[in-house]
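Read in order, the letters of the sequence shown correspond to residues 433 to 587 in our numbering.
Virtual Cβ for every residue (Gly too), placed ideally from N, Cα, C.
Below: one structure, written as C-alpha cells.
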Amino acid sequence: MSGLTGLLLAAAFTSTVLPSPEEQAEMYGVAGFVRVGDAWRTPDCRGLEGASYSPGTIDSYGFRLNLAEAVISEGSAVCYGLTGSRFWFLAKSPAGKWRVMASEIGLPDFLETSGTDGWPDIQVGGPGFCFPVLRWDGTAYRPHRHQYEGKACKP
C-alpha cells in the first residue's frame, strides 16, 4: 500500500520532502506505532505479519490550511481485511504538536467538500460500491454520508 494514499491527495498538498527523522518518530508515535528493527509497526498486526504485510509508511506530507499534515498507512490483509490497509491522517497544531485527526481501515480520498474550518471531507475507500464520507465537525471526523462516484448511496 506504500505510496497509494499519497496518490489520492491533491498535488498542491503533497510534498516531495519528508520531515526530519526526529519528527517522523514523533508522528509515528502519536499514531500508535513502535519501532521494530528498521520498521514502524502498530500492535494491530503484531504476530500477524505475512506476505501481505507492509509496515508503517508516510504516504504523504505537506501543508494545507497553513498546517503541516501527513498520512501514514500500514498494510495487511490479515489485519485489515479485504481493504488491506489502515490510514492515520495527522495534523500539526500551531503549538507544534502532531495529533491524529482521523484513523480508519480503508484508503483515504480527500474530497473537494469540507467541514468546519475548511478541513476536507474524507471518503474511506475499500471493497464495494458505497463508501463512507467523514466530515470534521470542529472536534473530530465523524460519519457524514455515503457515496459512490460522487452520488449518494445506501450501504
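Threonine 545 sits away from glutamate 506, with the two beta carbons spaced by 9 Å or more.
Spanning the alpha carbons of glycine 558 and arginine 518 requires a straight line of approximately 10 Å. Membership of proline 453 in the alpha helix (DSSP H) is indicated by the continuous run 453-462. If you compare the alpha carbons of Val462, Gly513, Leu497 and Trp472 with that of glycine 550, the shortest gap goes to Leu497.
The alpha carbon of proline 552 has as its nearest neighbour, out of Arg567, Glu481 and Leu522, the alpha carbon of Arg567.
If you compare the alpha carbons of Asp569, Gly516, Leu514 and Arg531 with that of leucine 522, the shortest gap goes to Arg531. From the listed residues Glu455, Pro526 and Gly488, the smallest Cα separation to valine 468 is found for Gly488. Here valine 466 is exposed, its C-beta having fewer than 16 other C-beta atoms within 10 Å.
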